[in-house]
Amino acid sequence: MNKINLPQAAKLTSPNPVSLVCTQKPDGSTNLATVSWWTYLSFNPNMIGYAMAKTSYSGEMVRNNKKVILTIPGTEIAEAVMGCGSTTGRDTDKVAQFGIELTEVEGSDIKIPVHSRVAIVCSMKEYHEVGDHYLYICDVEQVYGNEVEEALFAWNGYSQVRPAK
Ligand SMILES: Cc1cc2nc3c(=O)[nH]c(=O)nc-3n(C[C@H](O)[C@H](O)[C@H](O)COP(=O)(O)O)c2cc1C
Numbered sequence: 502m503n504k505i506n507l508p509q510a511a512k513l514t515s516p517n518p519v520s521l522v523c524t525q526k527p528d529g530s531t532n533l534a535t536v537s538w539w540t541y542l543s544f545n546p547n548m549i550g551y552a553m554a555k556t557s558y559s560g561e562m563v564r565n566n567k568k569v570i571l572t573i574p575g576t577e578i579a580e581a582v583m584g585c586g587s588t589t590g591r592d593t594d595k596v597a598q599f600g601i602e603l604t605e606v607e608g609s610d611i612k613i614p615v616h617s618r619v620a621i622v623c624s625m626k627e628y629h630e631v632g633d634h635y636l637y638i639c640d641v642e643q644v645y646g647n648e649v650e651e652a653l654f655a656w657n658g659y660s661q662v663r664p665a666k
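What follows is the structure, encoded as structure tokens:
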């Protein structure tokens with residue numbers, strides 16, 4: 502084996518997961534950010550975790566109101582998913598800019614993209630500093646699924662999103 506660095510390892514592990522972290526802005530609208538670094542943590546109780554750069558606007562939102570929905574986006578919104586990963590909700594209305602159609606989720610104030618394969622409604626339990634990121638540990642409140650939507654994955658590190666097949 503050759504000695505490589507961690508970003509190079511992320512390329513070798515492609516395809517990697519892709520999610521859209523959906524949070525609520527102070528005006529009630531939804532912010533969407535593309536996040537590959539998420540994982541299931543526990544099935545009893547149901548818990549997930551994800552890591553976001555300390556500077557992310559989504560992090561600010563979830564640290565404020567503790568509410569977040571993690572969705573697995575469908576292939577129909579691939580371009581928007583790349584857009585949500587290269588702009589910040591601090592100065593961009595991503596939903597309008599990328600023409601993302603949203604739908605309501607029972608029991609939550611946060612809306613999510615219509616084209617979602619899975620939606621995991623969470624309450625943020627705690628967060629920890631991990632280098633240049635925060636790791637958000639969340640209790641799962643509800644889970645929704647739609648098999649018709651084909652999931653997106655990140656390829657070649659994080660430079661492209663497309664299905665795993
Ligand atoms: C495919 C892809 C995967 C990404 N994964 C992550 C991730 O796991 N964690 C992270 O902090 N940023 C990740 N990003 C970058 C964020 O989406 C980006 O910093 C975004 O601007 C944050 O938006 P916000 O400031 O509205 O929260 C990813 C971007 C792309 C395109």
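Be aware that the sequence shown starts at 502, since it is given in my numbering, and climbs by one per residue.
By construction, the Cβ of each residue, glycine as well, lies at the ideal position given by its N, Cα and C atoms.
Item: CA-CA distance, Ser624 and Leu571?; Value: 11 Å
Item: When the Cα atoms are used, what is the spatial distance from Ala534 to Lys504?; Value: 32 Å
Item: Under 8 Å by Cβ, that's how I've got Lys555 and Tyr635 pegged, so tell me the actual separation to the nearest angstrom.; Value: 6 Å
Item: For Gly550, which residues of its own chain have a beta-carbon under 8 Å away from its beta-carbon, when the five flanking residues on both sides are left out?; Value: Trp539, Thr540, Leu542, Leu636, Tyr637, Ile638, Cys639
Item: Please look up how many angstroms separate the CB atoms of Pro664 and Leu521, rounded, as I've assumed it's under 8 Å.; Value: That pair is no contact at about 16 Å.
Item: Could you give the residue range of the beta strand (DSSP E) that holds Lys485?; Value: In the structure as shown, the chain begins at 502 and stops at 666. Residue 485 is therefore absent and cannot be evaluated.
Item: Give a single yes or no on whether Gly575 has its beta carbon closer than 7 Å to a heavy atom of ligand 1.; Value: no
Item: Under the assumption that Gly575 contacts Ser617 (Cβ atoms under 8 Å), give the Cβ distance between them as a whole number of angstroms.; Value: 6 Å
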